[in-house]
Amino acid sequence: NAGVTQTPKFRILKIGQSMTLQCAQDMNHNYMYWYRQDPGMGLKLIYYSVGAGITDKGEVPNGYNVSRSTTEDFPLRLELAAPSQTSVYFCASSHQLQNTEAFFGQGTRLTVV
Amino acid sequence: DAKTTQPNSMESNEEEPVHLPCNHSTISGTDYIHWYRQLPSQGPEYVIHGLTSNVNNRMASLAIAEDRKSSTLILHRATLRDAAVYYCILSPRSDSNSGYALNFGKGTSLLVTP
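Set out below in structure tokens:
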């Protein structure tokens, strides 16, 4: 089983460039999430989605956009990359029930120079 | 949201049991207690969760205090592969529109020595 797949694994962006981080899950989960993790810190929620066509902001949404056109895919868009967006990005998915586990991708390491 | 408090780091010898504590004194009656761990350069992975009763699975055991204000993750025999950051997270009840996003703190960094 693939689980949660993130692409790319690594990327270097120049300031002001844009890119899309891809995330796909094959578990038919309604809930999907994007987190970022700065060095030595825990994960912070950027955006989440409770189903196709529904997205909402998390703790640190500024500078990012998301869309959810299908249950499987939840891409994260950076429009004008800034050095403060240098981080490791994790996508996750879960069933809608509270007492089930979340599955995480392997992460995308992004450096903005 | 209710917060958790964990030690920054702990150390254990290989093949010995490890008890990772977590305090959550403001936990509400409907909060689940989740534990995740993050191996170096990997995404977090689920370890165990519980509500009121102690729980066991193939990875670990979760002991929950009777008043639910604290819990302990127990690794019965630590291996070198268990070296990771362990996160204790409360999952509050929420409506279907707000998801069940996990609120990660800094966790406990577990060092396992041979």
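Line by line, the protein sequences are chains A and R. Quick note: the first sequence uses our numbering, first residue 1, plus one each step. Quick note: the second sequence uses our numbering, first residue 1001, plus one each step. Think of the CB as a built atom: it goes at the ideal place given N, C-alpha and C, for glycine as much as any other residue. None of the values given here were measured: they were computed from a predicted structure.
Would you call the CB atoms of Leu1020(R) and Leu1102(R) closer than 9 Å?
Counting from 1 along the second sequence, the entry for residue 1020(R) is found at position 20. Counting from 1 along the second sequence, the entry for residue 1102(R) is found at position 102. Contact: no.
Arg68(A) (DSSP reduced to helix, strand or coil):
As a first step, residue 68(A) must be located in the first sequence, where it is residue number 68. It is coil, neither helix nor strand.
Run of the beta strand (DSSP E) containing Phe90(A), from where it starts to where it stops:
In the first sequence, the residue the question calls residue 90(A) occupies position 90. Counting along the chain, the beta strand (DSSP E) containing Phe90(A) begins and ends at 87-94.
Step through the CB atoms of chain A and report whether any lies within less than 9 Å of the CB of Leu1051(R).
Taking the second sequence and counting its residues from 1, the one referred to as residue 1051(R) is at position 51. Cβ-Cβ to chain A under 9 Å: yes for Leu1051(R).
Candidates Ala2(A), Gly3(A), Pro8(A), of which the one nearest Pro75(A) by Cα
For the purposes of this step, residue 75(A) is taken as residue 75 along the first sequence, with counting starting at 1. Among Ala2(A), Gly3(A), Pro8(A), the Cα nearest to that of Pro75(A) is on Pro8(A).
Mind reading off the beta-carbon distance from Leu1111(R) to Ser1009(R)? Whole number of angstroms is fine, and I expect it under 8 Å.
Within the second sequence, the letter at position 111 stands for residue 1111(R). Within the second sequence, the letter at position 9 stands for residue 1009(R). Right, the Cβ-Cβ distance comes to about 7 Å (below 8 Å), so this counts as a contact.
Give the interface partners of Met41(A) over in chain R, defined as CB-CB distance under 8 Å, in chain order.
Sequence index remark: in the first sequence, residue 41(A) carries index 41 (1-based). Here the neighbours are Lys1106.
Kindly list the residues whose CB is nearer than 7 Å to the CB of Ile1027(R), restricted to its own chain and excluding five residues on each side of it in sequence; keep chain order.
Within the second sequence, the letter at position 27 stands for residue 1027(R). Taken in chain order, the residues that qualify are Ala1002, Arg1068, Lys1069, Leu1090.
Contact the stretch 1060-1067 of chain R vs the stretch 1038-1048 of chain R: 3+ CB pairs below 8 Å:
yes
Along the stretch 14-33 of chain A, what residues have a CB closer than 8 Å to any CB found in chain R?
Tyr31, Tyr33
How would you list, in chain order, the residues of chain R whose beta-carbon sits under 7 Å from the beta-carbon of Ala102(A)?
Walking along the first sequence from the start, residue 102(A) turns up at place 102. Correct list: Tyr1046, Leu1102.
Would you check if the stretch 51-66 of chain A and the stretch 102-109 of chain A touch, i.e. whether three or more CB-CB distances between them fall below 8 Å?
no
Can a CB atom of chain R be found closer than 9 Å to the CB of Val4(A)?
The sequence position of residue 4(A) within the first sequence is 4, counting from 1. So, interface residue.
If you follow the beta strand (DSSP E) that Lys44(A) is part of, which residue opens it and which one closes it?
The residue labelled residue 44(A) in the question sits at position 44 within the first sequence. Start and end: 43-51.
So, with DSSP's three-state summary, where would you put Arg1081(R)?
Locating residue 1081(R) in the second sequence gives position 81, where the first residue counts as 1. Helix.
Taking the C-alpha atoms as reference points, what is the distance between Glu79(A) and Asp56(A)?
Within the first sequence, numbered from 1, the residue matching residue 79(A) stands at position 79. Within the first sequence, numbered from 1, the residue matching residue 56(A) stands at position 56. Cα-Cα distance, rounded: 18 Å.
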